[in-house]
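Asks: Below is a structure I'd like to ask you about.
Residue numbers (our numbering): 20 to 151.
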């Protein structure tokens with residue numbers, strides 16, 4: 020389970036990002052259900068961690084503007100597991116997006132200092148087939 024806190028009407032969680040040489044950075048990221056990627060990080064942190072560049076990406080922002088950005092590969096500690104993900108370069112505050120939340124349940128009490136909980140969902144149970 021990942022725990023965080025609501026501040027200024029935003030759900031914030033901390034996660035660790037691992038660099039090419041094993042270095043580790045702790046990042047505070049906003050949980051953004053409108054972002055369909057895994058994670059954004061500032062270019063300076065991506066350079067410090069020496070994350071491997073894999074491609075260019077593009078997106079349409081909420082205001083309708085179009086942007087292009089670099090996509091890197093990196094490992095994060097997510098629910099006590101190291102996970103290899105795509106990390107989008109962005110000059111904004113780091114964001115956790117829907118791809119990283121896939122398979123998890125997100126709950127927030129939206130009030131100052133309210134809890135943010137991200138919990139792994141149980142796989143759907145398989146119903147036995149009826150015999151005819």
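Note that beta-carbon positions come from the ideal geometry of N, C-alpha and C, so glycine has one too.
Please read all numbers here as calculations on a predicted model, not as lab measurements.
1) If the criterion is Cβ atoms closer than 8 angstroms, does the pair residue 115 and residue 50 meet it?
2) Quick one: using the 10 Å Cβ neighbour count with 16 as the cut-off for buried, is residue 72 buried or exposed?
3) Please report the straight-line C-alpha distance between residue 86 and residue 54, rounded to a whole angstrom.
4) Rounded to a whole number of angstroms, what is the C-alpha to C-alpha distance between residue 134 and residue 108?
5) Identify, in the order they occur along the chain, each residue of the same chain with its Cβ nearer than 8 angstroms to the Cβ of residue 35, setting aside the five sequence neighbours on each side.
6) Alpha carbon to alpha carbon, how far is residue 110 from residue 144?
Replies: Answer, in terms of the structure:
1) yes
2) Classification of residue 72: exposed, given that the 10 Å Cβ count is below 16.
3) 14 angstroms
4) 28 angstroms
5) Sequence-distant Cβ neighbours of residue 35 in its own chain, meaning closer than 8 angstroms and more than five residues away, are 43, 44, 45, 46, 95 and 96.
6) 42 angstroms
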